[in-house]
Amino acid sequence: MNLSGKTILVTGGTGSFGKKFVARVLKENIKKVIVLSRDELKQYEMANIYTDKRIRYFLGDVRDKERLIRAFSGVDIVIHAAALKHVGSCEYNPFEAVKTNIHGAQNVIEAAIDCNVKRVIALSTDKAVSPINLYGATKLASDKLFIAANSYVGNKDLRFSVVRYGNVVGSRGSVIPYFLKMKKTGKIPITDERMTRFWITLDQGVQFVLDNISRMKGGEIFVPKIPSMKITDLAKAIAPDCTIEIIGVRPGEKLHEVMITEDDARHTIENKDFYIIQPEFTWWENKGTMEGNIIPEGFSYTSNRNENWLTIDELKKLVYE
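Residue 351 is where the sequence shown ends in our numbering, and the numbering goes up by one at each step.
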């Protein structure tokens, strides 16, 4: 889809992704970009940085369907980035996580259908795959809702898809700021020295979302091919002179992350730079199979069995650039 003349709305638009996304789409000939979030201070601070007259700042919460219907009026594209994302907070406040991540997803879907939005992409996470914490479980439910939403659009020109990727360099939830802070103490706490993670930059994440606005048929989960890193290598890149202290795996934490399971692989196709997990609904057959190669039986995409790894020098560049 060509972005020229389009109105785009980003839920959770004052977050790390939202700010980077807004800066990127302002380079296009868009009509308007709407930042929807519930924090007036963050909106005020963002408005002092991004002063383009095509930006609108809407206070609102994805839990409030009436507000979403008002905000989605005249919108062509919705990027759903709002979520409660901190694993520990979601474990301790499970009802709140469900209200935002699951009920909020349903509200976004229903408002998009009612307001004749054309395209909706929801941001997911590797923690939604075979989840062992509540955050991952709520995002799995959210992913399922957005894929199934394509069954509800009827004859409308509306498509829902999901983009799933791993830990984001430079995001507020990244471990990097914590390691930089702990560097001053001379010790870097690590839960387990075997731990690996997928790693993507904000710029890469934003571009991947933009690419899939045009690519989506509705119902896919798009997964980028991104590198893995060892948590011990990240510690060495940030604080090579510090002692590594093993503190044990925290509740709800995995040693390795997964983005495509063996079961999902049966209906996944591979392209040069990304995978597409195709939906298992009868209506998908009417859309036809997307271009790509069928992946082999038993394939899974995990952070510890990735072919692409970041070196310590590459991690240094990502941390300090």
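Just so it is clear, CB atoms sit at the ideal spot from N, CA and C, and this is done for glycine as well.
Quick caveat: nothing in here was measured; it's all calculated off a predicted structure.
Query, Result
"May I have a chain-ordered list of the beta strand (DSSP E) segments no shorter than 3 residues that lie completely inside the region 113 to 144?", "none"
"Could you name each continuous beta strand (DSSP E) segment of 3 residues or more that falls completely within the region 167 to 201, going from the start of the chain to the end?", "189 to 195 and 197 to 199"
"Return the chain-ordered list of same chain residues with a C-beta closer than 8 Å to the C-beta of Glu223, the five sequence neighbours on each side being excluded.", "Ile261, Thr262, Ile274 and Ile276"
"Just how far apart, CA to CA, sit Ser103 and Asn242?", "23 Å"
"Going by beta-carbon coordinates alone, are Ile290 and Ser330 separated by less than 9 Å?", "yes"
"Between the alpha carbons of Tyr122 and Leu71, how many angstroms are there, rounded?", "25 Å"
"Between the beta-carbon of Thr44 and the beta-carbon of Val92, is there less than 9 Å?", "no"
"With a threshold of 16 other CB atoms inside 10 Å of the CB of Ala77, please say whether the residue is buried or exposed.", "exposed"
"Which residue or residues does DSSP assign as beta-bridge partners of Leu39?", "Ile64 and Val108"
"Are the beta-carbon atoms of Gly196 and Ile256 separated by less than 9 Å?", "yes"
"Measuring alpha carbon to alpha carbon, tell me which of Asp294, Thr341 and Arg335 ends up nearest Ile325.", "Asp294"
"Compute the distance between the beta-carbons of Phe209 and Ala265, then report whether it is under 9 Å.", "yes"
"Would you mind giving the Cβ-Cβ distance between Pro309 and Gly249, rounded to the nearest angstrom? I have them listed as a contact below 8 Å.", "4 Å"
"Suppose you measure from the CA of Phe125 to the CA of Asp271; what does that come to, to the nearest Å?", "42 Å"
"Between Lys157, Val138, Asp156 and Val159, which has its C-alpha nearest Arg149's C-alpha?", "Val138"
"For the region 274 to 350, which segments carrying the alpha helix (DSSP H) assignment without a break, of at least 4 residues, lie completely within its bounds, in sequence order?", "292 to 295, 312 to 317 and 342 to 350"
"May I have the straight-line CA-CA distance separating Ile79 from Leu348, to the nearest angstrom?", "23 Å"
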